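Enquirer: Below is a structure I'd like to ask you about.
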Amino acid sequence: MDESSGKVVDFSLVQVTEVSSSNAMEYEGCKRSLKKLIKHKIPVRCLTTDRHVTITARMKSDFPKIKHQYDVWHLSKSVTKKLTKNKAKKKCNEDLLPWIQSVSNHLWWSVSTCDEDVSVVKEKWLSIIHHVSNKHSWRGCKHFKKCVHHRLSRREKKQVPWLKAGSPELVALEEVVNNKRLLKDMEKLTEFRHTGELEVFHSLMLKYLPKRKHFSYRCMVARTQLAALDHNHNCNRVQAVVNVAIQG
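If you're matching positions, the sequence shown starts at 2 in my numbering and goes up one per residue.
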């Protein structure tokens, strides 16, 4: 799918018997579509995907000239899941609960305001540890040294459930925020890409390819083509406005 137009430009249908495992199907389809676009001299500057390990590794070797970015929504979802999944630390989770949405929002904000600078996005992301412990300026950073929100009054500070330094809930948050893989993956978030429009297309495909019905290979190709044509025809339509008469 082309990001600027929101239109489907190509698709590849891969059967599990064509690859070594079901896990390899996603990259195989991705590779086929990229090769077709390159063959037809359609420039591809950047590819946005989820955090698929195989795609990440193979993009470096097979398509080194194409920049690879991650969908920020998938990373945000992963962070939220890690903050809520540990049932053994129920009390800790309860204390973290008021902050989970804020942490997710902070990730989106950090990525959207980094100006494609890896150092900036990491420093902004890590600053959440200071903020949740009621510390709004700090040392040791090059680009981001204080919170950008307004100065909080005493009343506002009393209304916020700050996390105490050294508390189990703050330690749990630090483990997630400072995760090495997460920080490494943030290097692929600098262009603030997301695949929301592609998810819309996947939902539309269920109209033509319901999961509970079996179709032959040729039928699946034809139905996917119909879904793509349907999506491309309607993706730039203006939302309908209903005029309601006001009785006075």
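Cβ coordinates follow ideal geometry from the N, Cα and C atoms, glycine included.
None of the values given here were measured: they were computed from a predicted structure.
Is the segment 36-48 close to the segment 17-28, with three or more CB pairs under 8 Å?
Expert: Contact fails: fewer than three Cβ-Cβ distances are below 8 Å.
Enquirer: Output yes or no for whether 8 Å exceeds the beta carbon distance between LYS123 and MET221.
Expert: Here residue 123 refers to the residue found at position 122 of the sequence shown. Here residue 221 refers to the residue found at position 220 of the sequence shown. No, Cβ-Cβ distance for LYS123 and MET221 is not below 8 Å.
Enquirer: Using 10 angstroms around the beta-carbon of CYS47, count the other beta-carbons present and answer buried if the total reaches 16, otherwise exposed.
Expert: Locating residue 47 in the sequence shown gives position 46, where the first residue counts as 1. Exposed is the call here.
Enquirer: Output needed for THR55: all residues of its chain with C-beta closer than 6 Å, excluding positions within five of it in sequence on either side, in chain order.
Expert: Locating residue 55 in the sequence shown gives position 54, counting from the first residue. Only TYR28 meet the Cβ criterion.
Enquirer: Could you have a look at LYS68 and say whether DSSP puts it in helix, strand or coil?
Expert: Looking up residue 68 in the sequence shown gives position 67. Three-state DSSP puts LYS68 in a strand.
Enquirer: Starting from the C-beta of SER34, find all residues in its chain whose C-beta is less than 6 Å away, skip the five residues before and the five after it, and write them out in chain order.
Expert: On the sequence shown, residue 34 is found 33 positions in, with the first residue counted as 1. The answer, listed in chain order, is ASP11 and SER13.
Enquirer: Count Cβ pairs between the segment 204-213 and the segment 123-143 that sit closer than 8 Å; are there 3 or more?
Expert: Counting Cβ pairs under 8 Å, fewer than three are found: no touch.
Enquirer: Over the uninterrupted beta strand (DSSP E) stretch that includes CYS142, give me the two end residues.
Expert: For this step, residue 142 is matched to residue 141 along the sequence shown. Neither: CYS142 is in no beta strand (DSSP E) and is coded neither H nor E.
Enquirer: What residue from TRP126, ASN235 and THR225 has the CA that sits closest to LYS181's CA?
Expert: Counting from one through the sequence shown, the residue named residue 181 turns up at place 180. Answer by Cα proximity: TRP126.
Enquirer: Would you kindly check if the distance between the Cβ of VAL104 and the Cβ of ILE67 is under 8 Å?
Expert: In the sequence shown, counting from the first residue as 1, residue 67 sits at position 66. In the sequence shown, counting from the first residue as 1, residue 104 sits at position 103. Result no, Cβ atoms of ILE67 and VAL104 do not sit closer than 8 Å.
Enquirer: Taking 6 Å as the limit between beta carbons, can you name the residues of its chain near TRP100, skipping five residues before and five after?
Expert: To locate residue 100, count along the sequence shown from 1; it is residue 99. These residues qualify, in order along the chain: VAL133.
Enquirer: Excluding the five sequence neighbours on either side, which residues of its own chain have a C-beta within less than 8 Å of the C-beta of LYS147, listed in chain order?
Expert: Translated into positions along the sequence shown, residue 147 becomes position 146. The answer, listed in chain order, is HIS137, SER138 and TRP139.
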